[in-house]
Amino acid sequence: MQDIKLPASISVETVSENRAKIIMQPLHPGYGTTIGNTLRRVLLSSLPGSAVTAIKIKGADHEFSAVPDVKEDVVSIMLNIKKLRLISHSDEPVKLTLHAKGQKTVTAKDITKDAQVEIVNPDHEIATITTKSGELTMDLWVQNGRGYVPVESQEKKDLEIGTIEVDAIYSPVRTVNFTVQNVRVEQYTNYNSLTLDIETDGSITPEQAFKDSAQILVDHFVLLSGQAAPEGVEMPEIDDGESKKTAPVEAEAETDKEKE
């Protein structure tokens, strides 16, 4: 019986600072799509990251307000805030403060520095003050999470009056695409070469994102295979399915009696 071959080569092709292609080959026929699709889903949905989850803007009571002397309305500012990329070293929410004054473009550099939070894209534009006497003061709450969490799914907490919750984009991965090509192994020509094209937001390298997503899958499959569970995780009991098989039969018999 022919063994399922593991890839003999995994290489990294750097495209830019935050983008790389991971190439693995040869893979057993069909495994290119199986592994590529699985890794893509984990990369986009399951890696941890940091995001702004709420803001409070001086002079704005709700998200449909206009901010005095500021070109953008609150909704536009919120959209810009969502693109702010951060690294939080705290397990608890961290409150940041932004204060800018005078006619200028407000960027992430105007956020007061905090030892617990790194700003990955300090030149990112947040708003535009249109007058010399205008100013923008804002509080931002940053916390850690995974994937994308809309406001309605976020954990409910007591917020200060005037605080506006923001959809949290925690995922450090911007885009993931994969391609599968056939390669020759001995006399076989249907083995696969898988190329994963990963772009991150700069808070993590594409290589590290790839390793972390693979580790998440490894932890799950180790558990499912009955081997030692990862530290801090209990092995689940596997139901042999005997009781589940008999239940529908009994229910069906009872239904027949009722009909009689």
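Heads up: the sequence shown is residues 1 to 260, going by UniProt numbering. A virtual CB, placed ideally from N, CA and C, is assigned to each residue, including glycine.
In angstroms with no decimal places, state the Cα-to-Cα distance between residue i and residue j.
i	j	result
residue 44	residue 215	14 Å
residue 6	residue 27	6 Å
residue 168	residue 150	6 Å
residue 10	residue 148	29 Å
residue 122	residue 33	38 Å
residue 156	residue 166	13 Å
residue 20	residue 225	32 Å
residue 219	residue 52	29 Å
Between which two residues does the beta strand (DSSP E) carrying residue i extend?
i	result
residue 204	Where residue 204 is concerned, there is no enclosing beta strand (DSSP E), given that its DSSP letter is neither H nor E.
residue 9	9-16
residue 49	48-57
residue 101	94-101
residue 144	135-146
Out of the options, state which residue places its alpha-carbon closest to the alpha-carbon of residue i.
i	options	result
residue 288	7, 13, 4	Given that the chain is displayed from residue 1 to residue 260, the structure contains no residue 288 and the question cannot be resolved.
residue 161	213, 83, 170, 54	54
residue 183	208, 175, 205, 193	193
residue 136	64, 42, 47, 59	59
Do residue i and residue j have their C-beta atoms closer together than 7 Å?
i	j	result
residue 77	residue 127	yes
residue 111	residue 98	yes
residue 94	residue 142	yes
residue 57	residue 196	no
residue 85	residue 213	no
residue 140	residue 96	yes
residue 173	residue 209	yes
residue 201	residue 129	no
So what does residue i bridge to, in DSSP terms?
i	result
residue 177	197
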